[in-house]
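2 protein chains.
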Amino acid sequence: MVPSLSSSDNNGHVSSTPDTCSDNKVVPVSSIAAALAKPDESPYYIGFEKVRVDEYHNVSNPEGIIQLGLSENTLSLDLLKEWLNKNLNESLSQGSSDGLINVDKLAPYQQFDGIMELKKVMARFMSEVLGGGTIEFDPLQVVLTCGANPANEILCNCVADPGDAFLVPAPYYPGFNRDMKIRSTVELIPVPTLSSDNFIVTIEALNIAYDQAKKQGKNVKGLLFANPSNPVGNMFNKETLQNLLNFAKEKNIHIISDEIYAGSRYGDDKFISIAEVVYPESIEKDRVHIVYGLSKDLCIPGFRLGVVYSWNQDVLTASKKLTRFCSVPLPIQQILLSMLSDGKFIQDFMKTNQERLRKRYSIFVEGLEKLGLGYVKGSAGLYCWVNMGRLMSSQDEKGELELWDKLMNIAKISVTPGGACHCTEPGWFRCCFARLSVEDVCLTIERIKRIVESVKPKCCGCQCDRNRAK
Amino acid sequence: MVPSLSSSDNNGHVSSTPDTCSDNKVVPVSSIAAALAKPDESPYYIGFEKVRVDEYHNVSNPEGIIQLGLSENTLSLDLLKEWLNKNLNESLSQGSSDGLINVDKLAPYQQFDGIMELKKVMARFMSEVLGGGTIEFDPLQVVLTCGANPANEILCNCVADPGDAFLVPAPYYPGFNRDMKIRSTVELIPVPTLSSDNFIVTIEALNIAYDQAKKQGKNVKGLLFANPSNPVGNMFNKETLQNLLNFAKEKNIHIISDEIYAGSRYGDDKFISIAEVVYPESIEKDRVHIVYGLSKDLCIPGFRLGVVYSWNQDVLTASKKLTRFCSVPLPIQQILLSMLSDGKFIQDFMKTNQERLRKRYSIFVEGLEKLGLGYVKGSAGLYCWVNMGRLMSSQDEKGELELWDKLMNIAKISVTPGGACHCTEPGWFRCCFARLSVEDVCLTIERIKRIVESVKPKCCGCQCDRNRAK
Ligand SMILES: Cc1ncc(COP(=O)(O)O)c(C=O)c1O
Ligand SMILES: Cc1ncc(COP(=O)(O)O)c(C=O)c1O
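Line by line, the protein sequences are chains A and B.
Using the numbering used here, the first residue of the first sequence is number -6, and each one after it goes up by one.
Using the numbering used here, the first residue of the second sequence is number -6, and each one after it goes up by one.
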């Protein structure tokens, strides 16, 4: 027998490991593993990899790449540090008779969906942050997960079967593709929005996308969005939310509203949660589910705390059982229980953090304005949605990727191109500013300037093509 | 239009929430959610629920149900407590210049599959515990997860497609059904073992099960087992492991070896990991994957640390990407990094914990012997596999469930009936002894005695039917 160089499984996946002899067959992996084993092609993930090996540091690597592709907020770590140093031991000693760390409470098994004490303070916190203090959240509807990623996946598992589809107003958070599609194999159908509508989705666009999907035999099960929007940074007003709920009602589909940035506001607008629209009593609540978490608003993605909040009893029961795969360690739960129970700390933290976000945002957009670059006026989030179309050699996907590459390799800044967010208008880039010091914001603007200047060479000031912004 | 009382989705799931009016349709949930929303029917989970509402406590609820259904070890929490009280702050301050908690290291995002420092000490720890110090484990093959449950699920995702099947020597750990079947929808085919073989699976039984599955058109993708065995408590010897690997090679399928109890030994036998059989160089390694974790051997299920260990590059790459749904919080990683790096503590802990397990096991089986109950001589694990067949009114599933009910409601002890573990011989029960004090072991034996005596009424001592053990 002639040894073959590769073998293929049922799913047409050709294994990468060569067969060394006919007796030693290469064992096929699943189609999920085969797909995930391939290198990431999205610039969103390529950017992470590039930064990983050459990240900027003001002292140790001043020529490195500045990371603006990661939605992370480090502006208020000093406050967290202070709190933790003061309260860590106490938080882990809660309920112990000798004042020592309460291992009996931390080590054993507990319900995987979280301890009730933490659900209670989380519900109160959500009522403040998402509901402005006027909407009640019920601890019995809270399911805790290790991060918002698993919360999104769980909701996807609970409302859609393999092959079903979600409508997702685009541009949308690139992570949704992983959360909803890696393992759940549902389809995300981007519903285009326009810069002229401030990237707010219209019911017309939803209807068109829905009808088209139906025509193609797709089973649309829900509407998925981040509010505040990632990557745009704006928020839905009450009327839009009401329209979205009516649309979902008409089509008898679910709504998953990812509100993880609700407390990371830097504008003056009031945030309105989908909870406010279904509140207080409505059968429509059964189709509405909220994702929340502390990764953004408390600046602790490393602590991994996410929330599924639902009014649907079946979804709640199922979600709780699914937390066996994503439960939050008890020490983390105890620390966060203490932290969220410390009303004064939380209030001060939220206020200061929002002020710092606002300042950082202002400096960043001031810089953009000086460069003559447009952006969407944001209200919340850790990023700014910037129009760099005029720096592109062609107004299409190719031009956008070329510019992204230039930004990465010449300007040495890593940003997320709109295409990675399924934005249909080329030229938009998401720039996360909340892990930059003031100096680094200025450096970033300086570096973008290099590109701006390279496409707009100084000349006599005439209106020739080379001088005109595209 | 007449309002209907319920609506049904594509999967034939009838939603439990009634339709209140024809305009307000009940929104269907996924088939996964519909299945999970139903009450648990396995005695394994019913037992948990019963104990939850009426758990025994020597002072506050002395008449409550003693939990022997949960595989948890609390025998060495005192050692953990001492270590944590001494080292917690230092472990969380690692790398900080001011000696304070290093928030810069704990709060931000990190690779979801775990920090390299922890992978390194974990590989060393596995080399000790699984490899007896002679087998090397490579940190690059370690993927960290929040508990062993997600590790099992991830491996299932990586080797099997929906509808594929695993062969699982039975009796097996009931949790496998959830880990592998809730979301992955693979089939677990129990391969029967006999008490006369000490419940060790034979290659003949595997071949029969494999051929039968093939005949039924099933796609067998792997062999799944816990070694040391849960629920039996014994271990595979090297020859059996070699045979299992040969079987897997012949059928070109995977092996998932869950070795989470490798360090919870109380017998004199040496543990042999599947790693030893594939070591040091063999193409067969590509089909072998190990699950490990700290929930059992370090008595910290509340800390949620699990491990996927694989030699298969595709499986490793895919597993790492799947950890976005089950990543370990950084504070937990830092604490465990310190703990596992503390060689003296770990060595003392393992030794003392094993001694304590051995003692508790001895007292328990002594009690069983006095009651005239048989059991499998165990080597590792937190439980004992007990033959209570002679206490049953009929030697079948019904008799087993009746006895289980009697144990729960009359003797007030919660155990796992063999049927819940897919054991084919009725009458076997798994009794976890590692969360009981010595007094509680004695009380448990006392309580079982009630049942023993109720089926063996004192009489003249003749050999009449009522006196003879069935
Ligand atoms: C909209 C949105 N949802 C969820 C997440 C993931 O949050 P976590 O880190 O808690 O999993 C992110 C992170 O960027 C996000 O932007
Ligand atoms: C064989 C086996 N694997 C995995 C687990 C789950 O471990 P964890 O709590 O780390 O998820 C258990 C727990 O009982 C087990 O017995």
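Think of the CB as a built atom: it goes at the ideal place given N, C-alpha and C, for glycine as much as any other residue.
These numbers were taken from a predicted model, which means no experiment stands behind them.
Counting only Cβ-Cβ distances below 8 Å, A/Cys319 has contacts in chain B at Cys139, Pro143, Phe318 and Cys319, in chain order.
Contact annotation for B/Tyr102 against chain A: Leu63, Glu65, Pro294 and Gly295 [CB-CB distance below 7 Å, chain order].
A direct Cα-Cα distance of roughly 10 Å separates B/Val270 from B/Thr233.
Residue pairing by DSSP leaves A/Glu432 without any beta bridge partner. For B/His247, the neighbours in chain A by C-beta distance under 8 Å run, in chain order, Val20. Placement of the Cβ of A/Ala219 at a distance of less than 7 Å from at least one heavy atom of ligand 1 is found. Fewer than three Cβ pairs drawn from the region 328 to 337 of chain B and the region 171 to 181 of chain B lie within less than 8 Å of each other, which leaves the two stretches out of contact. Taking C-beta atoms under 8 Å as the contact rule, A/Asp172 and A/Asn142 qualify, at a distance of about 5 Å. For B/Trp378, DSSP records a beta bridge to B/Arg423. Any Cβ of chain B closer than 8 Å to the Cβ of A/Thr437 would place that residue at the interface, and such an atom is absent.
Think of a sphere of 8 Å around the beta carbon of A/Pro155: the chain B residues whose beta carbon falls inside it are Pro155, in chain order. Closest by C-alpha distance to A/Asn220, out of A/Asn230, A/Asn212 and A/Lys211, is A/Asn230. If you check the CB distance, A/Thr138 and A/Val358 do not come in under 8 Å. The bridge partners DSSP lists for B/Ser303 are B/His282.
Contact of B/Asn78 with chain A by beta-carbon distance below 7 Å involves Leu93 and Ile94. Per the coordinates, the alpha-carbon of A/Gln235 lies some 19 Å from the alpha-carbon of A/Phe159. Following the DSSP letters along the chain, one finds A/Ser331 inside the alpha helix (DSSP H) bounded by residues Leu323 to Ser334. When C-beta distances to chain A are compared with 9 Å, the residues of the region 167 to 190 of chain B below that value are Gly168, Arg171, Asp172, Ile175, Arg176, Ser177 and Thr178, in chain order. Put simply, the region 122 to 140 of chain A touches the region 306 to 321 of chain A. At least three CB pairs are less than 8 Å apart. Contact check for A/Leu217 against A/Phe264 fails: the beta carbons are separated by 8 Å or more. As the crow flies, the alpha-carbon of A/Phe105 is around 7 Å from that of A/Val321. B/Val152 has a beta carbon lying within less than 8 Å of a beta carbon in chain A. DSSP, read as helix, strand or coil, puts A/Glu418 in coil.
A residue is called buried when at least 16 other Cβ atoms come within 10 angstroms of its Cβ; A/Thr127 does not meet this threshold and is exposed. Neighbours of B/Asp335 across chain A, judged by C-beta separation under 7 Å, do not exist; the nearest C-beta is about 16 Å away. Looking at the DSSP output, B/Phe218 shares a beta bridge with B/Ser250. Listed as beta-bridge partners of B/Thr138 by DSSP are B/Gly299. For B/Pro36, the uninterrupted alpha helix (DSSP H) run begins and ends at Pro36 to Val46, by DSSP. Counting only the Cα atoms, A/Asp154 lies some 13 Å from A/Val308. For B/Ala163, the Cβ stays outside the 7 Å cut-off from all heavy atoms of ligand 2. DSSP places A/Val96 in the uninterrupted alpha helix (DSSP H) bounded by Val96 to Leu99. In this structure, DSSP gives A/Gly360 a helical state, which the three-state scheme calls helix. Ligand 1 never approaches A/Ser35 closely enough for any of its heavy atoms to be under 7 Å from the residue's Cβ.
Under the Cβ criterion (8 Å, minimum of three pairs), the region 400 to 410 of chain B counts as touching the region 418 to 429 of chain B.
With a minimum length of 4 residues, the unbroken runs of alpha helix (DSSP H) contained wholly in the region 102 to 137 of chain A fall at 109 to 122.
Between A/Ala255 and A/Ile248, the gap from beta carbon to beta carbon reaches 8 Å or more.
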